[in-house]
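What follows is one structure encoded as structure tokens, with my remarks underneath.
Residue numbers (my numbering), protein chains in the order written: chain C, 1 to 345; chain G, 1001 to 1345; chain F, 2001 to 2345.
Okay, structure coming up:
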């Protein structure tokens, strides 16, 4: 990449302070930026890095008052962090803008409906009756099962697999290795100890603006739908079981798992490696900390920790005592000795 | 789909109560069923839903005595749940019956032996000396390594990977992204802190009627075999390390992990995110609850919880006290104060 | 395979004790070896198996003094285990030596630079400006994104995915389903509860002699690089978040996870299902036991256990008391009763 300060200012509607012809060729953090880098200063605690930085161009808040001289040119905006993120997005989109059309060795069924400016990479498999909305990108080696509907401007990264009948919303991103719509884990025990498989004939519905991490698995419903509401963000290696529903803007960190038929509210935050049992309701705004195991329904905006999970502040207090358990036991033994002695008197 | 009550009755050997020409076009739960839906009633606690249901056709137990009038036609069978599952299976099989033959852009080595009615999808890679039994379906983008033997009527979903020399039984299902036979995690430390890789030249043997979830990994043995006995059911994102053996009909929920050389008995149940150390024996019928960490061999039919895992009822009692630890500590402090006072008297 | 004792002795520079024309056709453990098998004896605790073994040929340490007669021929070396591993490696390399050249239906961009003796399997996708060093093997269905650099003698197993701009060192092995360089989990909350995606434009740098397990995910950095130093060994289903750095020869067992920007030192050992929070420093030689949750930076060579993790020996002592908590509570109740009685006197 190569841009002038003036060009960048036009992308993010910034005021230039310094040389508008400053050229930048890369992005970097303020603490690591080299000459030729574009950086940003948002959090005041990094301000000292600005004065020492070799960055050629820095996006800063209009409210920032410089305390020392700097070598960088500045681009002043209302929100430096948001402006920097916007720039990265523009840069990224530029790089993939040319992806368009169906590459050689892609399989696209005759009955599939492919919108304008859709990219289908080599070795991608688009099954019968699939619909793909305009501007969506199906990278190489992705699998799109029969009857799947994909909205506009969605990105399906290399090797992501979407089983038949599932629905993917607009602007949704599915990373490599994610598996959407595999069979839920449903078996009925037979008297002889074997299991009968309960066919899983539902689907997965993923709404708009969702992001699903690499190698995450979201199982199809037994009947009806597993539902991922709009704005949900899911990290890598997460397990979402059959018939789960995730409310809008809920965020789930890596390696967490949610068991079958649990209904998760809006803006819930589930940290890494946490687990949630099946058939419960997680209220809006609930926070579940890392490695917790939640087995009961929650009320709004509660925080849970531990396995089994209890209220966070209560767990914190128990943890402190847990660490002192050996001393506590000694105190009890000493008390027993003293009381025995007193009883003899 | 579109079926009449009469057609469906013939599939599951049911007695029709009501209009044999009732037409159904979908499956649904009794509580959510709409007109045109086929549903079932098995668990008596859902009986009230039957009287309010708009389902057109309901499979019910012969033993059910109606307490109110219903609008649906009934199909009477001995076991409504099993009959419903059977129907779903028939419906599902109908949908994939036409998958047959080798699609364009599939790679099938000249030395591979492919049975009758086998499907090999586009971009699937079938290596040298592979054997695939009749009726098996190898979906697009699956990888079947050299010398792999796959039984009859097995299903290998899109993008599943089976490394060389592994064996897969009849009727076994392997979901997308599962990796069978990657190298076990075996390294010998060198004096300089680096590691020497121990080549893993064994294989994985998966017997009949096994199901393996999406993105689950089962490592090949160092020597000999990692063995998954018949009827085992494994959920998504599970890790089975090298040289593990899983006994018949053992079930493992999502994100659980079993370390190397551990031998698991029959009909063991391992819940989500549980972990088991290497080189131990898990007896038949052991139950390991979610997020537990089992580090010792077990006796038959015991239940384990916690990390490290102890007997379930013992752990439950400790959990209750754990939550009260802060109060316990206060009681001890109060006792210390009182005893000190008493001692002064 | 079929080799004579003499041939094998020449591979590992061994002294033959017995018949140099002994023929072996397979490898096996000393306790399970059959006639025709080559085995080894390294750990003295398995010595009794040697005397009962039907193995035709056994690699043993020069220092071993036989206590009974054996039927096997012996190959004497300084380190039997290392010699056996070397043999397995030679055997394995022989099997893949013929993999060479670009198979039909592989996609190799015109701008890609492919070294000598490189194998690119069918349905592999090698993007623009990729460099692949000599002797590397890109198995079928692997994805190599734009500008990726792969060193010499690297192995990328079927279906592994490497996003654009990443770097993979010499002799590095990446197993099936691993995803290198997917977007880090970075989102900025908007006032309305939705999230703005922070584009992730950094990369992943994997140095030499690294092994990465099946379905493991290593996210690209937001800016700059997620770094995996030389000699690191990572098992299956592990999550490495954006901007993490792993020091040389660090080993991570299955299903462990490391959150964003954490810096892990050299020769650290992280056991299965352990989790580490973001933005901390793990010192050289730290050991983190299975299922632990580490939330604080460490000093060299400490061992941590528990969730939240504390020092291992401290946690062990607390665990012992934890199991006795119900009895402890009873003792306190009894003390309260006794003290109350004493107070009345």
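Heads up, the beta-carbon is just placed ideally off N, CA and C, and yes, glycines get one too. Since we're looking at a predicted model, the values are computed, not measured.
- DSSP, reduced to helix, strand and coil, places residue 2044 (chain F) within a helical segment of the structure shown.
- A straight-line Cα-Cα distance of about 46 Å links residue 275 (chain C) and residue 2101 (chain F).
- Shown in chain order are the members of the region 2160-2180 of chain F whose Cβ falls below 7 Å from a Cβ of chain G: 2175, 2176 and 2177.
- Using a C-beta cut-off of 8 Å, the region 1018-1038 of chain G makes contact with the region 214-229 of chain C, since at least three inter-stretch Cβ pairs fall below that distance.
- Residue 1337 (chain G) sits in a helix when the DSSP states are folded into three classes.
- The Cβ atoms of residue 2114 (chain F) and residue 2143 (chain F) do not sit closer than 8 Å to each other.
- Taking 8 Å as the CB threshold, residue 2078 (chain F) stays off the interface with chain G.
- The beta carbons of residue 289 (chain C) and residue 312 (chain C) sit closer together than 8 Å.
- At a beta-carbon threshold of 8 Å, none of the residues of chain G lie near residue 2208 (chain F); the nearest stands roughly 11 Å away.
- For residue 2197 (chain F), the enclosing beta strand (DSSP E) has its first and last residue at 2195-2197.
- Distance between residue 263 (chain C) and residue 1104 (chain G), taken at the CA atoms: about 42 Å.
- Collapsing the DSSP output to three states places residue 262 (chain C) in coil.
- Shortest Cα-Cα distance from residue 2283 (chain F) to any of F:2253, F:2306 and F:2246 involves F:2246.
- Rounded to whole angstroms, the separation of the alpha carbons of residue 1285 (chain G) and residue 2002 (chain F) is 43 Å.
- In this chain, residue 1220 (chain G) is not harboured by any alpha helix (DSSP H), its DSSP state being neither H nor E.
- Look at residue 2237 (chain F): its C-beta is under 8 Å from a C-beta on chain C.
- Against chain F, the CB of residue 314 (chain C) has no partner CB under 8 Å away; the residue lies outside that interface.
- The alpha-carbon of residue 249 (chain C) is positioned some 50 Å away from that of residue 1191 (chain G).
- Taking 8 Å as the upper bound for CB-CB distance, residue 1236 (chain G) and residue 1254 (chain G) are in contact here, some 5 Å apart.
- Residue 1136 (chain G) has its alpha-carbon roughly 8 Å from the corresponding atom of residue 1156 (chain G).
- Under the three-state reduction of DSSP output, residue 2073 (chain F) falls in the strand class.
- Between the C-alpha atoms of residue 1242 (chain G) and residue 2239 (chain F) there is a straight-line separation of about 20 Å.
- When rounded, the separation of the alpha-carbon atoms in residue 23 (chain C) and residue 72 (chain C) is 11 Å.
- At a cut-off of 8 Å between C-beta atoms, residue 1105 (chain G) counts as an interface residue with respect to chain F.
- At a Cβ-Cβ threshold of 8 Å, residue 122 (chain C) and residue 106 (chain C) count as neighbours.
- Cα atoms of residue 2014 (chain F) and residue 1165 (chain G): separation of roughly 30 Å, rounded to the nearest angstrom.
- DSSP, reduced to helix, strand and coil, places residue 327 (chain C) within a helical segment of the structure shown.
- Taking the C-beta atoms as reference points, residue 1186 (chain G) is found no nearer than 8 Å to residue 1159 (chain G).
- Against chain C, a Cβ distance below 8 Å from residue 2201 (chain F) picks out 27, 88, 91 and 92.
- According to the DSSP assignment, residue 2182 (chain F) belongs to the beta strand (DSSP E) that extends over 2179-2182.
- By the rule that beta-carbons nearer than 8 Å mark a contact, residue 1017 (chain G) does not touch chain C.
- Residue range 2080-2096 is occupied by the alpha helix (DSSP H) that includes residue 2094 (chain F).
- Rounded to the nearest whole angstrom, the C-alpha separation of residue 1279 (chain G) and residue 98 (chain C) is 53 Å.
- Around residue 1033 (chain G), the same chain offers 1039, 1053, 1054 and 1055 as residues with beta carbons nearer than 7 Å, after the five sequence neighbours per side are excluded.
- Nearest CB-CB separation between residue 1297 (chain G) and chain C: not below the 8 Å threshold.
- Contact of residue 191 (chain C) with chain G by beta-carbon distance below 9 Å is absent, the smallest such distance being about 11 Å.
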